[in-house]
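Structure record follows, encoded as structure tokens.
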Amino acid sequence: MSRAIEELRVAEAKSKAARQQLTTTMIALQKRLTPKALMQEATEEIRERATAFAQDTVETIRQRPAAAAGFVAGVGLLLFRDKAMKAAGRLFRRETEPDDDELNARMVGESIG
Numbered sequence: 013m014s015r016a017i018e019e020l021r022v023a024e025a026k027s028k029a030a031r032q033q034l035t036t037t038m039i040a041l042q043k044r045l046t047p048k049a050l051m052q053e054a055t056e057e058i059r060e061r062a063t064a065f066a067q068d069t070v071e072t073i074r075q076r077p078a079a080a081a082g083f084v085a086g087v088g089l090l091l092f093r094d095k096a097m098k099a100a101g102r103l104f105r106r107e108t109e110p111d112d113d114e115l116n117a118r119m120v121g122e123s124i125g
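Take any residue in the sequence shown, count from 1 to its spot, add 12: that is its number in my numbering.
Listed below in structure tokens is the structure:
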């Protein structure tokens, strides 16, 4: 019987240790699942990913500066395509046909002269 009692005590001790570990784990989970903790974790993850992305981008630009410049120019043209088209149109119009102000000045000059 003493062997059975000893086994029971060992089992009870293991059970108590397991309950204590479960309680500790539950407390840790509760702390991690608060909105503040979740927000801090998400913020840290975003910061780490942004830093890695920035480092990769800088390294790529160092390795291929011409490609990076072409990409930036393309994005710039895409973002400012309306202004770029108007500016290009004005350049070509000046060479081929006068604008309204120039036409008015010519008409006034012809009527005076």
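For each residue, glycine too, the CB sits at the ideal point set by N, CA and C.
Since residue i and residue j are thought to touch, with beta carbons under 8 angstroms apart, how far apart are those beta carbons, to the nearest angstrom?
i: residue 89; j: residue 96; result: 6 angstroms
i: residue 64; j: residue 73; result: Wrong, their Cβ atoms sit about 15 angstroms apart, outside the cutoff.
What is the rounded straight-line gap between the Cα of residue i and the Cα of residue j?
i: residue 46; j: residue 35; result: 17 angstroms
i: residue 33; j: residue 43; result: 15 angstroms
i: residue 30; j: residue 17; result: 20 angstroms
i: residue 92; j: residue 119; result: 35 angstroms
i: residue 55; j: residue 113; result: 57 angstroms
i: residue 58; j: residue 52; result: 10 angstroms
i: residue 147; j: residue 37; result: The requested residue 147 is not part of the displayed model; the chain covers only 13 to 125.
Near residue i, which residues of its chain fall below 8 angstroms by C-beta distance, leaving aside the five closest residues on each side in sequence?
i: residue 87; result: none
i: residue 49; result: 43
Go ahead and pull the three-state DSSP assignment for residue i.
i: residue 55; result: helix
i: residue 65; result: helix
i: residue 45; result: coil
i: residue 76; result: coil
i: residue 83; result: helix
i: residue 104; result: helix
Examine chain C for any beta-carbon lying closer than 9 angstroms to the beta-carbon of residue i, and answer yes or no.
i: residue 52; result: Absent here is chain C; the protein component of the structure consists of one chain.
With a threshold of 8 angstroms (Cβ to nearest heavy atom), would residue i be considered close to the ligand SAM?
i: residue 52; result: Summarising the ligand content, the structure contains no ligands, and the ligand SAM is consequently not present.
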